[in-house]
Amino acid sequence: MPSYTVTVATGSQWFAGTDDYVYLSLEGTVGCSERHLLDKPFYNDFERGAVDSYDVTVEEDLGEIQLIKIEKRKYWYQDDWYLKYITVKTPVGDYLEFPCYRWITDEKEIVLRDGRAKLPRDDKTQILKQHRRKELETRQKTYRWKEWHPGFPLSIDAHSHSDLPRDIQFDNEKGVDFILNYSKAMENLYVNRFMHMFQSSWSDFADFERIFVRISNTISEYVMQHWKEDFMFGYQFLNGCNPVLIRRCTEIPKKLPVTMDMVECSLERNLTLEEEVKQGNIFIVDYELLDGVDANKTDPCTIQHLAAPICLLYKNLENKIVPIAIQLGQNPGPDNPIFLPSDATYDWLLAKIWVRSSDFHIHQTVTHLLRTHLVSEVFSIAMFRQLPAVHPLFKLLVPHMRFTIAINTKAREQLICECGLFDKANATGGGGHVQMVQKAMKDLTYSSLCFPEEIKAKGMDSKEDIPYYYYRDDGIKVWEAIKSFAEDVIHIYYESDEVVCEDVELQAFIKDIYVYGMRGVKASGFPKMIRTREKLAEYLTVIIFTTSAQHAAVNFGQYDWCSWIPNAPPTMRRPPPTEKGTVTIEQIVESLPDRGRSCWHLGAVWALSQFQDNELFLGMYPDEHFVEKPVKEAMAKFRKNLDEIVNAITERNKNKKLPYYYLSPDRIPNSVAV
């Protein structure tokens, strides 16, 4: 009688093994096997990290094996099992791989197809078509869209992390408990003794050093030493943790009535301000989105304030970007003066602090939360709903969706919810952050997520004109590497543009993102369907780049740039100054966060800047969803390209006091997971 050798691999996560009864049956083109018992309680099979083999004998040849059914029946208590993969050696010596990489929970069964990626058009038999359809029907019932706040991109329908499907939960929920992590961070940073000292001001700038962990030769230490300097202020717009706002100024806006007399002493080329603008030497950052946003009122003992500044910057003869004018409100007038480098020292310093505080708010809520976390969740939900596990694009994208829905659900549960941790230290807490996302949705466009296109649209694409914009330089390299990889995979499975058009699952995926993620807003520029391989490659690059590189660029530098509180105040306790010549050091310190809020802020930026345990970085694909040799060759080429980028960045950073490494591929996690 024919005999098949079945090898079963169990995951290495904690509690991945099982002591339950496990049954297996094979389904081929000409017959099905009986149900075979593989494991009984206490047989010590299917333990964590184990690879177990079994001989399955059948009465007659089954033909080509199409499906494997795995059933788990409870022995004593719920014992979830993480199945990595199954391989089958046929009677004629062929090997078939059946990837799983899923949890089998309760008394459930799963049906696996072999690992060869297939488009809908490739399935010829009814049994395979039916399996494909049933998988999506089940997923669409499990992964449901829900509106968390009006105007937001839709998110997963789950109230808490424990409500999520087991397959997308964290392996260890304690590891991503925000309350626990923030408290642990404050303890590790030795600042927990200050964490309850709300309303208690620091004495002076030096007093902030009592909660500053000084680690020599680091960016955070350099920031602490140089934060007052105009060079450091300007540099952060290029290579800090929010390097996405600066744009070349083509015309001085009427709402910022800067005159030549005001800035003449800052200009170095013997040109008028208008001529400097025409030559491309003037840049602008406008925080208009903050105008009208309600400040945090959750603590009646502390009045908190927001501003919506406009900052004008200048590229000097050393090619450094430095500030030359700051207006702290959107409407010009006698009570909204334009602050200048030539003003009194504390006037100018406080104006810059207000800009840094406003930048922090835009970074946290728009650049980070909306444009990486929430957008990545949209991609993830749409993928699970519309792409079956056998689809090549599911296999391509699933590593880049790892834990994204879980971290966002946990954030809605503890961090950005009403009375959440975000309210403790941030002036945009208490609902202001919700208003900001709602306002920012109008600028969330497809083209703004296309990295090279967005850089060009802001007039920041010239390396000759702006030579020290490492975020741009490294980002372009990573974008091109991802795009090349996506093109290689696409050309393996889509032989023509016509095949792209005919892929109903792909088109449903694209439509889900447009309708539910972008709320069907035509102005978003998100396509409703994709008709060419070229456009598909770009779209997939947007997804992978956003979930990996873009998130890394704006997340993992938070401790570097925001741990020195005066450089990134999460709240301001006095309103912006309305006249010049009155600011004192005491007023600045009283404006900055109190001791308690400073500590919560420090714990937050430390926790958010840490990589996950067992982090998987860009190009690392330990779960072998793809089994075909051409795709594995494409992955190897991708990793080679990424290694070259790592080497180039490492070489450039040598001996730099301010190295830029956030977009080095060996520091870019595959997905949004923190």
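At position 572 of the sequence shown (counting the first as 1) the number is 572 in UniProt numbering, and the numbers step up by one without a gap. Cβ atoms here follow ideal geometry from the backbone N, Cα and C, with glycine treated the same way. The structure displayed is predicted, hence computed values, not measured ones.
| Check | Outcome |
| --- | --- |
| Which word fits residue 15, buried or exposed, when buried means at least 16 other C-beta atoms lie within 10 angstroms of its C-beta? | exposed |
| With a threshold of 8 Å, are at least 3 pairs of Cβ atoms found where one atom belongs to the region 576 to 583 and the other to the region 601 to 618? | no |
| Three or more beta-carbon pairs under 8 Å between the region 330 to 344 and the region 117 to 132, yes or no? | no |
| Can you tell which of 354, 467 and 296 has the C-alpha that lies nearest to the C-alpha of residue 416? | 296 |
| Between the Cα of residue 280 and the Cα atoms of 461, 441 and 540, which residue gives the shortest distance? | 461 |
| Are residue 104 and residue 76 closer than 7 Å when you measure CB to CB? | no |
| State buried or exposed for residue 264, treating a residue as buried only when at least 16 other CB atoms are found within 10 Å of its CB. | exposed |
| How many Å lie between residue 468 and residue 668 at the Cα? | 21 Å |
| Can you tell me where the beta strand (DSSP E) holding residue 89 begins and where it ends? | 81 to 89 |
| Given a threshold of 16 other Cβ atoms within 10 Å of its Cβ, counted over all protein chains shown, does residue 523 qualify as buried or as exposed? | exposed |
| For residue 110 and residue 246, I'd like the C-alpha separation in whole angstroms. | 50 Å |
| Using 8 Å as the threshold, is the region 586 to 594 in touch with the region 640 to 656, meaning 3 or more CB pairs across them? | no |
| When we look at the beta-carbon of residue 84 and count the other beta-carbons within 10 Å, is it buried (16 or more) or exposed? | buried |
| Any contact between the region 422 to 438 and the region 364 to 384? By contact I mean 3 or more CB pairs, one from each, below 8 Å. | yes |
| Over the uninterrupted alpha helix (DSSP H) stretch that includes residue 431, give me the two end residues. | That residue, residue 431, is in no alpha helix (DSSP H); it is neither H nor E in DSSP. |
| Measuring CB to CB, does residue 671 end up less than 7 Å from residue 401? | yes |
| Determine the burial state of residue 172: buried for a count of at least 16 other Cβ atoms within 10 Å of its Cβ, exposed for fewer. | exposed |
| Does the pairing of the region 385 to 401 with the region 125 to 138 give three or more beta-carbon distances under 8 Å? | yes |
| Could you have a look at residue 465 and say whether DSSP puts it in helix, strand or coil? | coil |
| Use the C-beta contact count for residue 383: other C-beta atoms within 10 angstroms, 16 or more gives buried, fewer gives exposed. | buried |
| Would you mind working out which of 442, 69 and 378 sits nearest residue 147, comparing C-alpha positions? | 378 |
| Residue ranges of each alpha helix (DSSP H) run of no fewer than 4 residues wholly in the region 516 to 558, ordered along the chain? | 533 to 545 and 551 to 555 |
| For residue 89, which of 65, 612 and 74 has the nearest alpha-carbon? | 65 |
| Based on DSSP bridge pairs, tell me the residues matched to residue 99. | 85 |
| DSSP three-state call for residue 494: helix, strand or coil? | coil |
| Considering only the beta carbon of each residue, do residue 427 and residue 597 sit closer than 7 Å? | no |
| Give the DSSP bridge partners of residue 311, in chain order. | 285 and 326 |
| Compute the Euclidean distance between the alpha carbons of residue 560 and residue 226, then round it to the nearest angstrom. | 13 Å |
| Leaving aside the five residues before and after residue 439 along the sequence, list all residues of the same chain whose C-beta is less than 7 Å from its C-beta, in chain order. | 289 |
| Taking the beta strand (DSSP E) that residue 9 falls in, what are its first and last residues? | 3 to 10 |
| Identify, in the order they occur along the chain, each residue of the same chain with its Cβ nearer than 7 Å to the Cβ of residue 327, setting aside the five sequence neighbours on each side. | 256, 309, 310, 336 and 338 |
| DSSP has residue 625 in a bridge; who is on the other side? | In DSSP, residue 625 forms no bridge with anything. |
| I'd like to confirm the pairing. Which residues does DSSP put opposite residue 155 in its beta bridges? | 146 |
| Closest by CA to residue 23, which one among 650, 654, 11 and 6? | 6 |
| With distances taken Cα to Cα, identify the nearest neighbour of residue 94 among 100, 114 and 50. | 114 |
| Nearest to residue 454 by alpha carbon, out of 244, 544, 38 and 39? | 244 |
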